[in-house]
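Here's the structure we're looking at; comments come further down.
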Amino acid sequence: MADEHDHSCYHCGLPVPPDTDYSVQIGGERRAMCCPGCQAVAQAIVDAGLTDYYKHRTRDNVTAQALVPDILREYDLYDRDDLQKSFVRTEAENVREASLILEGIVCAACVWLNERHVRALDGVLEFNVNYATHRAQVKWDNAQIHLSDILKAIAAIGYRAHPFDPNRQEALHKKERNAALRRIAVAGVGMMQVMMIAVGLYAGDYSGMSPDIRNFLRWVSLLLATPVVFYSGRVFFLSAWRDLKKRQLGMDVPVSIAVGAAYVASAWATVRQVGDVYFDSVTMFVFFLLVGRFLELLARHKAGEAGEDLIRLLPTGATRLVDGRTEVVTVNDLETGDRVLIRPGEVVPADGVVVEGTSSINEALLTGESLPRRRGVGEELVGGTLNVESPLQMDVTHVGGDTVLSSIVRLLDRAQMEKPRLAQLADRVAGWFVGALLLVAVGVFAFWYWYAPHEAFWITLSVLVVTCPCALSLATPVALTAATGTLTQLGVLTSRGHALETLSKVTHMVFDKTGTLTYGRLELADVEVRGDLDRDTCLNIAAGLEQGSEHPVAQALRAAAEFPAMVSDTVAESGRGISAMVDGRRYRLGRWEYVFPGKTDADLPTPPAGVSQVVLGEDDRLLAVFSLRDQVREEARRAIERLKSQGIQVVLLSGDQPAVAARVAEEVGIDTWSGGLLPDGKLAELRRLQAAGAVTAMVGDGVNDAPVLAGAQVSVAMGSGAQLAHASADMVLLSENLMHLSDAVEMARRTLAVIRQNLAWAVVYNVVALPLAAAGVILPWMAAVGMSASSLMVVINALRLKNPPRSMRSKF
26 MADEHDHSCY HCGLPVPPDT DYSVQIGGER RAMCCPGCQA VAQAIVDAGL
76 TDYYKHRTRD NVTAQALVPD ILREYDLYDR DDLQKSFVRT EAENVREASL
126 ILEGIVCAAC VWLNERHVRA LDGVLEFNVN YATHRAQVKW DNAQIHLSDI
176 LKAIAAIGYR AHPFDPNRQE ALHKKERNAA LRRIAVAGVG MMQVMMIAVG
226 LYAGDYSGMS PDIRNFLRWV SLLLATPVVF YSGRVFFLSA WRDLKKRQLG
276 MDVPVSIAVG AAYVASAWAT VRQVGDVYFD SVTMFVFFLL VGRFLELLAR
326 HKAGEAGEDL IRLLPTGATR LVDGRTEVVT VNDLETGDRV LIRPGEVVPA
376 DGVVVEGTSS INEALLTGES LPRRRGVGEE LVGGTLNVES PLQMDVTHVG
426 GDTVLSSIVR LLDRAQMEKP RLAQLADRVA GWFVGALLLV AVGVFAFWYW
476 YAPHEAFWIT LSVLVVTCPC ALSLATPVAL TAATGTLTQL GVLTSRGHAL
526 ETLSKVTHMV FDKTGTLTYG RLELADVEVR GDLDRDTCLN IAAGLEQGSE
576 HPVAQALRAA AEFPAMVSDT VAESGRGISA MVDGRRYRLG RWEYVFPGKT
626 DADLPTPPAG VSQVVLGEDD RLLAVFSLRD QVREEARRAI ERLKSQGIQV
676 VLLSGDQPAV AARVAEEVGI DTWSGGLLPD GKLAELRRLQ AAGAVTAMVG
726 DGVNDAPVLA GAQVSVAMGS GAQLAHASAD MVLLSENLMH LSDAVEMARR
776 TLAVIRQNLA WAVVYNVVAL PLAAAGVILP WMAAVGMSAS SLMVVINALR
826 LKNPPRSMRS KF
């Protein structure tokens, strides 16, 4: 029987070809495999910790499907294009990007381990994990590696990943909280019982106790401490084991050594009936550390609420119109080109263009602006916004990962995952600190073993626990998550991790003009009546003539008119003007030379800089002159004044005529300006400022300002769907309210201050606690409380950023 087993594949049962070696270590033994395929699957099963599969399988069924555990087959399903449609975004021919949830993350070291492991895979272009939300953003080349391979690689180091789903993440959060509470309950009950017994043991040391009673109480303590260590404390050991397997020193390594060593030493003393026991210290270690991590878990969930709120904006269903009838479908079933009905009170299910109806749309959760905005035929709607008052019909233009909302969430994730220089420094210090801590612990044990052997063990335990650098690694990610979430609610999307750190140091804020300080669209500035018709009649006739045009002038006239006239027999000349019949009379609208060919415009005043003029005429009569210009944003002057009050110099760089740039600069209160600049000219001006020592922030519309946006230390793009689609900016002003720029500066400065406070506290705490623990002043239970309190203090301090001061809650 043994001979038969040796010559058959342990995985599939088929004969093993002679002179081959595809063996895999399973259950402590080398098991023969018949081919590389069985070897790969068996190794994946072992790496994923699923070796129980071989204990419970039946040998009768050897089909290919039966030889792969369900969890590995589930990963393969995620390679299907129809399934990836709902959560994968394709950037180029083979470059894909997806958001994942990671299960099993317990500390910052887990994040570092996953990032390093996955980034080493061939074909993985980017992989970043957000510690606060346990979400990962992965970008890969599908020609080199498949998503299932990435998921299996994560499983191989003891974690589990699956595509992000907001409902599933909420369920996982609940599961995580419940599991943590169960561990705390077991540890708390065990600790209280062990502590009561410890009181008896300590009292017996002073007043006398028979050896039999002492041994009995120790055995009871051992029985009570065992579930605390191996059930409640299991998370520490698993995390430490994962780190050690990858030859890394994570934060749970010293904690696991302390807990494990104290338990083993106490158990040995109980069995041998010699020496001291530390069951009270062990149970207190585990209880206090778990309580600290549970409070940290709650704070972490709270810090990531902004991103979760955005994700939940999209409804689960939509009303699709097909051949005049309605059908209810899931949002995932919508495709580009579908027509949907959006009733009052319903959420827009995807990005699209209004084809019928006019209504007010509440975009507060996306832009931070509380007032609804009117949207009508031809205007764009963003998925996740709320239709307030009237039914609308919309043609879907973007679905899934291509929507504006998905872009916002992706950029927010990227900002929270990318680490500024301070965080990178803290991570490097924490890694080295753990190694140094272990060496110090060895030195402390050696000294005390020589000086006072009976004190050496518990003093070393205190050193290992009290100085665990959890607070050091928590200092930055929780603060960044809280700050970026708060800014997103204000309508300022942070898309790069370094943005807040750099923005806090900005000395010069440089503005483009068109689409930034101005609205970027023509608006009617003045109507000069020249004939016998009143202003409103002239405006309604002009709007009627422009009814079918998408020209900026036409849009401005239609927006200003209340009742556009009904027209017929329309004749348009591109770039010149348009004529049509209104109530039996022909009117002409456009340039002077079109409306009155062959006549001079001597009596028409020269318009001021930046103003365009069109005229309305009938036969030889001039009826009205319409002046249009790109209007300055109403909040621009207040925003500039507020930036100046923060000590920031404001500069205007415009590609428009110098006269126009001068007018706008004077209107908004900017003293330093330049006009007539091409993109390379703007970049040259920016470089000149930087050469003089300025830290610059560039605010532009993100289209023709790409070079200068890239050249600034931090860039801010005005928010619109097209810009978000290719957003290369560090921040995006979704609200398009310039007042929120000063809010962002204030939040950036507060965030950097909080991060510095957290790092300073973590360093000072360790500098003070280490010598006290090494000197024997800090008892083991004090060490557990101190470490937990240190981490919790860092998290609570960071959460202050969730509540911005009243001055930041701008309402305009």
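When the sequence shown is numbered by the numbering used here, its final residue is 837 and no position is left out of the sequence of numbers. Here a beta-carbon is modelled for each residue, glycine too, at the ideal position from N, C-alpha and C.
Alpha carbon of G285 to alpha carbon of A210, nearest angstrom: One-based indexing of the sequence shown puts residue 285 at position 260. One-based indexing of the sequence shown puts residue 210 at position 185. Their Cα atoms are separated by approximately 20 angstroms.
Apply the 10 Å Cβ neighbour rule to E761 and answer buried if 16 or more other Cβ atoms are within range, or exposed otherwise. Sequence index remark: in the sequence shown, residue 761 carries index 736 (1-based). It is buried - the Cβ of E761 has at least 16 other Cβ atoms within 10 Å.
Count the CB pairs spanning the region 762 to 773 and the region 783 to 803 that are closer than 8 angstroms, and state whether there are at least three. Put simply, the region 762 to 773 does not touch the region 783 to 803. Fewer than three CB pairs are less than 8 angstroms apart.
Taking G744 as the reference, which of W244, V299, V429 has the closest Cα? Residue mapping note: residue 744 aligns to position 719 of the sequence shown, counting from 1. Among W244, V299, V429, the Cα nearest to that of G744 belongs to V429.
Bridge-paired residues (DSSP) for Q50: Mapped onto the sequence shown, residue 50 falls at position 25. Note: Q50 is bridge-paired with R55 in the DSSP secondary-structure output.
Could you spell out the range, first to last residue, of the alpha helix (DSSP H) harbouring G706? For the purposes of this step, residue 706 is identified with residue 681 of the sequence shown, where counting begins at 1. From DSSP, the alpha helix (DSSP H) with G706 extends over 704 to 716.
What's the call for N203, buried or exposed, on a 16-neighbour Cβ count within 10 Å? Indexing the sequence shown from 1 puts residue 203 at position 178. Counting other Cβ atoms within 10 Å of its Cβ, N203 stays below 16 and is therefore classed as exposed.
Between S415 and the rest of its own chain, which residues show a CB-CB distance below 7 angstroms, the 5 nearest in sequence each way excluded? The residue you call residue 415 lines up with position 390 of the sequence shown. Take S415, set aside five residues on each side of it, and the residues of its chain with a beta-carbon closer than 7 angstroms to its own are P369, G382, T383, S384, in chain order.
Grouping DSSP H, G and I as helix and E and B as strand, with all else coil, what is I385? By 1-based counting over the sequence shown, the position of residue 385 is 360. This sequence places Ser at residue 385; Ile is not what is there. Looking at S385 - three-state DSSP - the assignment turns out to be strand.
For W137, count neighbouring Cβ atoms within 10 angstroms of its own Cβ and tell me buried if that reaches 16, exposed if not. Against the sequence shown, residue 137 aligns to sequence position 112. Under this definition W137 is a buried residue.
Could you pull out every unbroken alpha helix (DSSP H) segment of at least 4 residues lying fully inside the region 261 to 311, listed in chain order? Counting only unbroken stretches of 4 or more residues, the alpha helix (DSSP H) elements lying wholly within the region 261 to 311 are 277 to 297, in sequence order.
Is the distance from the Cβ of V757 to the Cβ of A649 below 8 angstroms? As a first step, residue 757 must be located in the sequence shown, where it is residue number 732. As a first step, residue 649 must be located in the sequence shown, where it is residue number 624. Not a contact, by the Cβ cut-off of 8 angstroms.
Helix, strand or coil at S33 according to DSSP, with G and I counted as helix: Numbered from 1 along the sequence shown, position 8 holds the residue referred to as residue 33. S33 falls in the strand class under three-state DSSP.
Put M818 into one of helix, strand or coil per three-state DSSP. Along the sequence shown, read from residue 1 onward, the residue named residue 818 stands at position 793. M818: helix per DSSP, three-state reduction.
What residues in its chain sit with their C-beta under 6 angstroms from that of A89, if we drop five residues either side in the sequence? Residue 89 sits at position 64 when you count from the first residue of the sequence shown. With a pLDDT of 41 at A89, under the threshold of 50, the modelled position of this residue cannot be trusted; read the value that follows with caution. Take A89, set aside five residues on each side of it, and no residue of its chain has a beta-carbon closer than 6 angstroms to its own.
To the nearest angstrom, report how far apart A91 and I51 are at their CA atoms. Here residue 91 refers to the residue found at position 66 of the sequence shown. Here residue 51 refers to the residue found at position 26 of the sequence shown. Because A91 carries a pLDDT of 47, less than 50, the predicted location of this residue cannot be relied on, and the following value inherits that uncertainty. When rounded, the distance between both Cα atoms is 18 angstroms.
I need the DSSP call for F837, collapsed to helix, strand or coil. The sequence position of residue 837 within the sequence shown is 812, counting from 1. In this prediction, F837 has a pLDDT of 37, which is less than 50 and means its spatial position is unreliable; nothing more can be read from the coordinates.
The region 631 to 645 in contact with the region 526 to 537 per 3-pair CB rule at 8 angstroms: Segment contact: the region 631 to 645 against the region 526 to 537, fewer than three CB-CB distances shorter than 8 angstroms; contact not assigned.
Helix, strand or coil for R345? Go by DSSP, reduced to three states. Taking the first residue of the sequence shown as 1, we reach residue 345 at position 320. In the structure shown, R345 sits in a strand (DSSP, three-state: E or B).
How long is the line joining the alpha carbons of N357 and V424, rounded to whole angstroms? Here residue 357 refers to the residue found at position 332 when the sequence shown is read from its first residue. Here residue 424 refers to the residue found at position 399 when the sequence shown is read from its first residue. Cα to Cα, the separation comes out at about 8 angstroms.
Since I believe C59 is in contact with P40 (beta carbons under 8 angstroms), could you give me their beta-carbon distance rounded to a whole number of angstroms? Position 15 of the sequence shown, counting from 1, holds the residue named residue 40. Position 34 of the sequence shown, counting from 1, holds the residue named residue 59. With a beta-carbon spacing of about 7 angstroms, P40 and C59 fall inside the 8 angstroms limit used to define contacts.
Can the beta-carbon of A290 be found less than 8 angstroms from the beta-carbon of F482? Locating residue 290 in the sequence shown gives position 265, counting from the first residue. Locating residue 482 in the sequence shown gives position 457, counting from the first residue. In this structure, A290 lies near F482, with their beta-carbon atoms less than 8 angstroms apart.
How big is the Cα-Cα spacing for P340 and R398? To locate residue 340, count along the sequence shown from 1; it is residue 315. To locate residue 398, count along the sequence shown from 1; it is residue 373. Distance between the alpha carbons of P340 and R398 is about 20 angstroms.
Less than 8 angstroms between the C-beta atoms of G694 and E666, yes or no? By 1-based counting over the sequence shown, the position of residue 694 is 669. By 1-based counting over the sequence shown, the position of residue 666 is 641. Taking 8 angstroms as the Cβ cut-off, G694 and E666 qualify as a contacting pair.
According to DSSP, is T351 helix, strand or coil? For the purposes of this step, residue 351 is taken as the residue at position 326 of the sequence shown. In the structure shown, the three-state DSSP call for T351 is strand.
Go through the region 399 to 425 residue by residue and report every complete run of the beta strand (DSSP E) that reaches 3 residues or more, in order. Correct list: 417 to 423.
Going by C-alpha distance, which of R610, L795, W165 is nearest V465? Here residue 465 corresponds to residue number 440 of the sequence shown, with the count starting at 1. Looking from the CA of V465, the closest CA among R610, L795, W165 belongs to L795.
L102 (DSSP reduced to helix, strand or coil): Indexing the sequence shown from 1 puts residue 102 at position 77. Assigned with DSSP and collapsed to three states, L102 falls in helix.
What is the rounded straight-line gap between the Cα of N822 and the Cα of Q638? Position 797 of the sequence shown, counting from 1, holds the residue named residue 822. Position 613 of the sequence shown, counting from 1, holds the residue named residue 638. Each residue's alpha carbon lies about 57 angstroms from the other.
Could you say which of H765, Q782, V154 lies nearest to E519 if we only look at CA atoms? Locating residue 519 in the sequence shown gives position 494, where the first residue counts as 1. Note that residue 519 corresponds to Thr in the displayed sequence, not to Glu. Of the candidates H765, Q782, V154, the one whose C-alpha sits nearest the C-alpha of T519 is H765.
Answer yes or no: do L629 and V578 have a C-beta to C-beta separation smaller than 8 angstroms? As a first step, residue 629 must be located in the sequence shown, where it is residue number 604. As a first step, residue 578 must be located in the sequence shown, where it is residue number 553. No, the Cβ-Cβ distance between L629 and V578 is not below 8 angstroms.
Span of the beta strand (DSSP E) holding S839? The question about residue 839 has no answer here: the residues shown for the chain are numbered 26 through 837.
Once the 5 residues before and after T351 are set aside, which same chain residues still bring their CB inside 8 angstroms of it? Reading the sequence shown from its first residue, position 326 is the one you call residue 351. Only residues of its own chain outside the window of five on either side were considered, and among them T344, R345, L366 have a CB closer than 8 angstroms to the CB of T351, listed in chain order.
Boundaries of the beta strand (DSSP E) in which P42 is found, first to last residue: Here residue 42 refers to the residue found at position 17 of the sequence shown. Annotation for P42: no beta strand (DSSP E) segment contains it, and DSSP assigns it neither H nor E.
Quick one: any contact between the region 553 to 570 and the region 699 to 717, if contact means 3 or more CB pairs under 8 angstroms? Taking a cut-off of 8 angstroms for Cβ pairs, the region 553 to 570 and the region 699 to 717 do not touch, as fewer than three such pairs fall below it.
So, for S281: in the same chain, excluding its five sequence neighbours on each side, which residues have a beta-carbon less than 7 angstroms away from its beta-carbon? In the sequence shown, counting from the first residue as 1, residue 281 sits at position 256. The beta carbon of S281 sits closer than 7 angstroms to the beta carbons of F261, F262, A265 from its chain, once the five residues preceding and following it are set aside; these are given in chain order.
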